[in-house]
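Numbering follows the working numbering, in which position 445 of the sequence shown is assigned residue number 470; successive positions increment by one, without gaps. By construction, the Cβ of each residue, glycine as well, lies at the ideal position given by its N, Cα and C atoms. What you are looking at is a predicted structure, and each value in this text was computed from that prediction instead of being measured.
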Amino acid sequence: MKSVAGSKWGANRDLLLGYYRAAILGKINYGCSVYGSASSTQLRKLDPIQNAALRIALGAFCSSPVLSLQAESGVPPLHVTRSKLVCRRYQAIQHSSRHHPLPVLFEEAGVILSHPAWPVRSHQPLLIRALWAYRSLSLPPPLRQPLPSVPPTPPWRDLSSLVSFCLSESFDKSQDGHLAPALYRELSDTVYAGYLEVFTDGSHTTTPAASAAAIYLVDLSLCQTWRLAALHDSVTLELFALFKALAFIKAHLQPQKVVIYRLSGSIAPYCVPQGTWIPSHVGIRGNEIVDRAARLALTSAAVETLPLQEATCSRLLTVASGKAWDSELAAELPSSTLGAYRTDSSCHPWARSTARALDVALNRLRIGHVGLASHLHRLRLVPDPYCQWCRDQEETIAHFLLHCPRFHSMRTELRDRLSVLGVRDFTLPVLLGGVGPNSPLRYPVIRLVCVFLRKSRQLHRI
Ligand SMILES: [Zn+2]
Numbered sequence: 026m027k028s029v030a031g032s033k034w035g036a037n038r039d040l041l042l043g044y045y046r047a048a049i050l051g052k053i054n055y056g057c058s059v060y061g062s063a064s065s066t067q068l069r070k071l072d073p074i075q076n077a078a079l080r081i082a083l084g085a086f087c088s089s090p091v092l093s094l095q096a097e098s099g100v101p102p103l104h105v106t107r108s109k110l111v112c113r114r115y116q117a118i119q120h121s122s123r124h125h126p127l128p129v130l131f132e133e134a135g136v137i138l139s140h141p142a143w144p145v146r147s148h149q150p151l152l153i154r155a156l157w158a159y160r161s162l163s164l165p166p167p168l169r170q171p172l173p174s175v176p177p178t179p180p181w182r183d184l185s186s187l188v189s190f191c192l193s194e195s196f197d198k199s200q201d202g203h204l205a206p207a208l209y210r211e212l213s214d215t216v217y218a219g220y221l222e223v224f225t226d227g228s229h230t231t232t233p234a235a236s237a238a239a240i241y242l243v244d245l246s247l248c249q250t251w252r253l254a255a256l257h258d259s260v261t262l263e264l265f266a267l268f269k270a271l272a273f274i275k276a277h278l279q280p281q282k283v284v285i286y287r288l289s290g291s292i293a294p295y296c297v298p299q300g301t302w303i304p305s306h307v308g309i310r311g312n313e314i315v316d317r318a319a320r321l322a323l324t325s326a327a328v329e330t331l332p333l334q335e336a337t338c339s340r341l342l343t344v345a346s347g348k349a350w351d352s353e354l355a356a357e358l359p360s361s362t363l364g365a366y367r368t369d370s371s372c373h374p375w376a377r378s379t380a381r382a383l384d385v386a387l388n389r390l391r392i393g394h395v396g397l398a399s400h401l402h403r404l405r406l407v408p409d410p411y412c413q414w415c416r417d418q419e420e421t422i423a424h425f426l427l428h429c430p431r432f433h434s435m436r437t438e439l440r441d442r443l444s445v446l447g448v449r450d451f452t453l454p455v456l457l458g459g460v461g462p463n464s465p466l467r468y469p470v471i472r473l474v475c476v477f478l479r480k481s482r483q484l485h486r487i
């Protein structure tokens, strides 16, 4: 990485981080579900490799805090990555075929999933490490769901003819809101005349977190609802409703023509026997009823048991892992210089420059470890911490950007141009943080600061 970028030249940060993730991080993490049982002392020996790569990518000083490097680059520490990967491995094993030997060993180990215990000072097996990782992330460990070794539907069988999208294709949301009901009535009276009509819906709320599914058979005036665990996603809810509708038809009705209408398009890749997609539930009575039933089921006391799907587990794991890392940063970053500009790992694209020298300068100024005299003096690289133009003032980042008379004219120009934008505060959090994460002015503010840095002719020192 050092051969393709320096602090003033070479590849940009994204390219360097992409190379690190692709060529180095993959090798470091390869087999971590096995070697992760090593002692923390041994595992910590890998950390300097990542730290060095992040320093090169950001152009940061060797003295820069590791936590700041990780937050600024968006690369989590290795222990967080390992924890996530061991959970992924456990999840893959739980969803493997029924002939996989590890699930059998897991069951024979006699470990209680909710309270995993293992002798102290002994190497923890994958099962224990995965369960502890899930526990630390406040996630339920995935249950055993063996996949069939042969898919029930042959891959060469075309199921697209069983699903009709004619209603959704004819429907344009910009058109009159009565069009969808009219199209539905037309289909119901012509193409699907005489069919048993079934409506399905999945519903989800976040406050309070709850999920539910419902089916409504129009001719029988029959509605059935199920409340499910809140962690299920909308695709699972809709597929569950479809499955229940098909199961009911198979169990209770004589063979007849059935059309299943479903409410949204989130399960478009899946096919159902003679189903059709309805883009709007307003004005279609069956859809309104099933939608209302699903919402009522959100407060039901009985919760249907349904294991989480593999894709849902992966999504929850990614979100929980990110939150765990962000909580680490929120606790530690405020005590560092970077804490004035960020307290989590979110991307700050405005605090970047396409020019390598400016990008490195911005990184160093935000992290607080720069080539100015005050910092170099702390490292005992220069005899005194004072500014070379005003000998009685320490050359800190604040002195350089806000006070040093040497750059007065450039600073006045910067202040005037910021005033034109409506930015009156002339402080470090504004100049290097870009006013705030949600302000539309964050990009122009950082661009103006880059102009100041370039005109100051001090980039080689920063
Ligand atoms: Zn000065």
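Express the C-alpha separation of A47 and T225 in angstroms, rounding to a whole number.
-> 43 Å
Whole-angstrom distance between T362 and Y60, CA atom to CA atom | Pairing Y60 with T362, the inter-Cα distance amounts to about 35 Å.
Distance between P180 and P298 (C-alpha atoms, nearest Å) | Because the pLDDT of P298 is 47, which lies under 50, any placement of that residue in the model is unreliable, and the number read from its coordinates should be weighed accordingly. Spanning the two alpha carbons is a distance of roughly 17 Å.
Starting from F265, follow the alpha helix (DSSP H) in both directions and report where the run begins and ends.
-> 259-277
Taking E420 as the reference, which of A376, S371, Q483 has the closest Cα?
-> Q483
Hey, is H104 close to ligand 2, as in C-beta under 8 Å from one of its heavy atoms?
-> No copy of ligand 2 occurs in the structure displayed; its ligands are ligand 1 alone.
Is it right to say N463 is buried, meaning 16 or more other beta carbons lie within 10 angstroms of its own, or is it exposed?
-> Classification for N463: exposed.
Euclidean distance between Cα positions of C296 and A345 = With a pLDDT of only 38 at C296, under the threshold of 50, the placement of this residue in the model should not be trusted, and no figure is reported.
Between the C-alpha atoms of W350 and D369, what's the straight-line distance to the nearest angstrom?
-> In a straight line, the C-alpha of W350 is about 8 Å away from that of D369.
Sorted by chain position, which residues of the same chain lie with C-beta nearer than 6 Å to L92's C-beta, five sequence neighbours on each side aside?
-> E357
With a threshold of 16 other CB atoms inside 10 Å of the CB of A82, please say whether the residue is buried or exposed.
-> buried
Could you tell me whether the Cβ atoms of L253 and L331 are closer together than 9 Å?
-> yes
Tell me whether R436 counts as near ligand 1, meaning its Cβ is closer than 8 Å to at least one heavy atom of that ligand.
-> no
Anyone know if the C-beta pair for L103 and N54 falls short of 9 Å?
-> yes
In terms of residue numbering, what span does the beta strand (DSSP E) encompassing I314 cover?
-> No beta strand (DSSP E) contains I314, which is instead part of the alpha helix (DSSP H) from 310-322.
Alpha carbon of S32 to alpha carbon of T452, nearest angstrom | 26 Å
Just how far apart, CA to CA, sit P141 and S371?
-> 33 Å
Just the residues with CB closer than 5 Å to a heavy atom of ligand 1, in chain order, which are they?
-> C412, W414, C415, C429
Pick out whichever of V283, R317, S236, R169 has its Cα sitting closest to the Cα of L323.
-> S236
Identify every residue that forms a DSSP beta bridge with T368.
-> According to DSSP, residue pairing for T368 in a beta bridge does not occur.
Beta-carbon proximity of R169 to P126, cut-off 9 Å = no
Buried/exposed call for V395, threshold 16 Cβ in 10 Å = buried
Roughly how many angstroms lie between the CA atoms of G347 and P469, to the nearest whole one?
-> 29 Å
Flag this pair as yes or no: are the beta carbons of R449 and L443 separated by less than 9 Å?
-> yes
Cβ distance (whole Å) where S64 is taken to contact R154 below 8 Å = Between R154 and S64 the Cβ distance is about 13 Å, and since that is not below 8 Å, they are no contact.
Take L383 and list the residues in its own chain whose beta-carbon comes closer than 8 Å to its own, dropping the five residues that flank it on each side.
-> C475, L478, R479, L484
Hey, which unbroken runs of the alpha helix (DSSP H) at 4 residues or more fall wholly within the stretch 382-445?
-> Taken in chain order, the whole alpha helix (DSSP H) runs of length 4 or more contained in the stretch 382-445 are 398-403.
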